[in-house]
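This report refers to the structure that appears directly beneath it.
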Amino acid sequence: MASEAAPPGLRLPVYLLVLLAFGVYLVAGRLREYWRLRQFKGPFSTGISWIAHSRAVVGGSAHRWYGDITEKYGVIARIAPNHLITSSPELWAHINAVRSPYKRGEWYYHPARFEPGKDNVFTECDNEKHDARRKKMVAGYSGKENPGLEQDIDTHVEELVHLVRSKYATPAASDHTATPMNLATKIQYFTLDVISHVGLGKAFGDLKADEDINDYLVACEEGLSIANFCWGLGISWIRDVPVLGKLISPSEHDARGFGKMMGTARKSISERMAKDISERSDMLSSFIRHGLTGDDLFHETFEQVLAGSDTTAASIRIIMLYLMSHRRIYNKLQAGIDEAVKAGLAPAAPGIISDAEAQRLPYLAAVVREAMRVHPPVVNIFSRIVPKGGDTVTVDGKEVFLPGDTMIGYSAWSMHRHNKGLYGEDAHVFRPERWFIDETLPGEKDRLARMYKTNDMIFGYGRWVCLGRVVALIEIHKVIFELFRNFDWSLTNPHEPWTISNASGLFNIGNMWVEVTERH
Numbered sequence: 085m086a087s088e089a090a091p092p093g094l095r096l097p098v099y100l101l102v103l104l105a106f107g108v109y110l111v112a113g114r115l116r117e118y119w120r121l122r123q124f125k126g127p128f129s130t131g132i133s134w135i136a137h138s139r140a141v142v143g144g145s146a147h148r149w150y151g152d153i154t155e156k157y158g159v160i161a162r163i164a165p166n167h168l169i170t171s172s173p174e175l176w177a178h179i180n181a182v183r184s185p186y187k188r189g190e191w192y193y194h195p196a197r198f199e200p201g202k203d204n205v206f207t208e209c210d211n212e213k214h215d216a217r218r219k220k221m222v223a224g225y226s227g228k229e230n231p232g233l234e235q236d237i238d239t240h241v242e243e244l245v246h247l248v249r250s251k252y253a254t255p256a257a258s259d260h261t262a263t264p265m266n267l268a269t270k271i272q273y274f275t276l277d278v279i280s281h282v283g284l285g286k287a288f289g290d291l292k293a294d295e296d297i298n299d300y301l302v303a304c305e306e307g308l309s310i311a312n313f314c315w316g317l318g319i320s321w322i323r324d325v326p327v328l329g330k331l332i333s334p335s336e337h338d339a340r341g342f343g344k345m346m347g348t349a350r351k352s353i354s355e356r357m358a359k360d361i362s363e364r365s366d367m368l369s370s371f372i373r374h375g376l377t378g379d380d381l382f383h384e385t386f387e388q389v390l391a392g393s394d395t396t397a398a399s400i401r402i403i404m405l406y407l408m409s410h411r412r413i414y415n416k417l418q419a420g421i422d423e424a425v426k427a428g429l430a431p432a433a434p435g436i437i438s439d440a441e442a443q444r445l446p447y448l449a450a451v452v453r454e455a456m457r458v459h460p461p462v463v464n465i466f467s468r469i470v471p472k473g474g475d476t477v478t479v480d481g482k483e484v485f486l487p488g489d490t491m492i493g494y495s496a497w498s499m500h501r502h503n504k505g506l507y508g509e510d511a512h513v514f515r516p517e518r519w520f521i522d523e524t525l526p527g528e529k530d531r532l533a534r535m536y537k538t539n540d541m542i543f544g545y546g547r548w549v550c551l552g553r554v555v556a557l558i559e560i561h562k563v564i565f566e567l568f569r570n571f572d573w574s575l576t577n578p579h580e581p582w583t584i585s586n587a588s589g590l591f592n593i594g595n596m597w598v599e600v601t602e603r604h
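Our numbering puts the first residue of the sequence shown at 85, with every later residue one more than the last.
Now the structure itself:
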């Protein structure tokens, strides 16, 4: 009887069979992902590939790409095979509610870890662990256990004003040639000194030195760029590989870069812990009192220095740029500041306006809100994971089913800058007056409430609202008031006012050259 085995020439080697099976598995998985989210529209390639998303992230313009997609394909759109994005404030509030069953997506958050396998309150994706850690930190960030918080901030506002006046400002009515100043670096010096002072008990001293003493700016830009590149290409998991991960990650023993920055922070924390925590009540001592110890204490303190300085600095730079670019609003704000001083609503110079006094200046508040609305200072995607079993939500009056284990993030650019239904047809325009609504008109009181709620989402919402919001807003209002009370500002290069790119949702801003004149 003849053998029925295949001729030797037709047999496939085992390794080819394995590769073929693996290829079929990958294709089947991708087809399954495509099919389960088929109801959500997006660029064609996003249903089968992450390439378009990777290109946007690595190119530093992901926030605009997210915005364009939701503008074109709807308030819930597809940006990758298993990832959606929304510009709906109502849906995002639902997802982030205090008792939300959604959780953070490791895919986005774990690449932001400082060291492999070690979390902080921002990168922790387990809801219970996150909530427990957050409770230990709330009092420190709120200022309840830091009675000297505002005084410490005032110290550095004074230093910033002195630095500008003594080295860069041209005297009023002077024929002297102006000395261009890079406002981007000076604002970063300010926010770094504030957060190191209120967080560690001792300022880094950048403003007094007019220098990036710890090479923070370069290190941070390099660190964010590397993290953004790895996240965008989906290769951040390499850091979690034993031995290899440690070799390619920053070390506190490094002579430069992100590692040196971590080492500097560790040294500052050790010096602070060597003192009696009752000697000075600051964020670090509050964290210790509420049970943070060891590596947890280090990572939370380092996180506050990194996030607390970068996001606040971006906010101030954005507000300053939009004011200098809109002379009508610039003049109106400055006139209001002068009137407040004249009326005794703020102290005469060289006194620094208090937070309570600043909150009583509605146009200043509107300028701050509007600038951060039209150009959100933080544009993270903040990926969340839909709970198993899925979730039926109502968006624009229609029920929508989100399949379980799907990732969904939010588009800050479209939710805030292009939300015409809420902010009006000119939503993309910087116009602080939009916050002064006649609440006696039908529906306007409710619309204003929705405007405030949506705008507040710039700082997060619900379970994941920003811990540092209170400190940031105190800094922002004080700095804007004092810089416009004391000086006149103009852009050195209005055709190219700054360099800016998005890295992991934070903005790298530089070369913001300005010319400053003292005011009488």
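Quick reminder that beta carbons are idealized off the backbone N, C-alpha and C, glycines included.
Using DSSP bridges, identify the partner residues of residue i.
i: W573; result: V600
i: G316; result: G316 is not bridged to any residue.
i: D475; result: L486
i: R468; result: R188, I492
i: T263; result: Note: T263 sits in no beta bridge, so no partner.
i: T254; result: T601
i: V462; result: L590
Thinking C-alpha only, which one of the options is nearest residue i?
i: E387; options: C304, A432, Y406; result: C304
i: D290; options: N312, D277, T348, S498; result: D277
i: R350; options: L328, I322, N298; result: N298
i: I542; options: V598, S320, A398; result: A398
i: K472; options: E155, S588, D489; result: D489
i: I169; options: R183, G151, P185, A177; result: G151
i: I564; options: R148, I310, Y406, M491; result: Y406
i: L121; options: V484, V142, K426; result: V484
i: D360; options: E306, A430, G285; result: G285
i: E580; options: W573, G594, N570, D572; result: G594
i: G544; options: P460, G224, T239; result: P460
i: P165; options: R249, S138, G131; result: G131
i: V451; options: A339, M408, K504; result: M408
i: N415; options: F571, A257, H167; result: F571
i: E441; options: M456, I421, D259; result: I421
i: M265; options: A256, I271, Y252; result: Y252
i: C209; options: K330, E602, D236, R547; result: R547
i: L445; options: G428, S365, V458; result: G428
i: G224; options: G283, A196, Y193; result: G283
i: G189; options: H178, F466, S495; result: F466
i: M404; options: S309, K270, D480; result: K270
From what residue to what residue does the alpha helix (DSSP H) around residue i run?
i: V452; result: 446–458
i: G594; result: Premise fails: G594 lies in the beta strand (DSSP E), 590–594, not in any alpha helix (DSSP H).
i: K359; result: First-last for K359: undefined, no H or E at that position.
i: I372; result: 367–373
i: E229; result: No alpha helix (DSSP H) holds E229; DSSP gives it neither H nor E.
i: D439; result: 439–442
i: S280; result: 267–284
i: H246; result: 233–247
i: I332; result: 328–332
i: G505; result: 504–507
i: G324; result: A small fix is needed here, since residue 324 is Asp in this sequence, not Gly. Unbroken run through D324: none, as it is neither H nor E.
i: A293; result: 290–293
Using the beta-carbon count (16 or more within 10 Å), is residue i buried or exposed?
i: T524; result: exposed
i: R116; result: exposed
i: N180; result: buried
i: G589; result: buried
i: S171; result: buried
i: H214; result: buried
i: M85; result: Residue placement at M85 is flagged as unreliable, the pLDDT there being 47, under the threshold of 50; the coordinate-derived value follows with that caveat. Label assigned to M85: exposed.
i: S370; result: buried
i: S87; result: In this predicted model, S87 has a pLDDT of only 48, less than 50, meaning its place in the structure is not dependable; the value taken from the coordinates is given anyway. The residue is exposed, with fewer than 16 neighbouring Cβ atoms inside 10 Å.
i: Y507; result: buried
i: V598; result: buried
i: H337; result: exposed
i: F128; result: exposed
i: T154; result: buried
i: R217; result: buried
i: G435; result: exposed
i: A257; result: exposed
i: L104; result: exposed
With respect to the beta strand (DSSP E) encompassing residue i, which residues constitute its N-terminal and C-terminal limits?
i: Y494; result: 491–494
i: T583; result: 583–587
i: K482; result: 482–486
i: R389; result: Correcting the residue identity first, residue 389 is Val in this sequence and not Arg. Element bounds for V389: not the beta strand (DSSP E) but the alpha helix (DSSP H), 378–409.
Does any heavy atom of the ligand HEM sit closer than 7 Å to the C-beta of residue i?
i: H383; result: Within the structure as shown, the ligand HEM is missing, as the structure has no ligands at all.
Length-filtered (4 minimum) alpha helix (DSSP H) runs lying within the region 188–227: 190–193, 211–219, 222–226
What are the start and end residues of each continuous alpha helix (DSSP H) run of 4 or more residues lying completely inside the region 115–194, in chain order? 135–142, 146–157, 173–179, 190–193
Give the list of continuous alpha helix (DSSP H) stretches no shorter than 4 residues that lie fully inside the region 522–575. 528–540, 553–570
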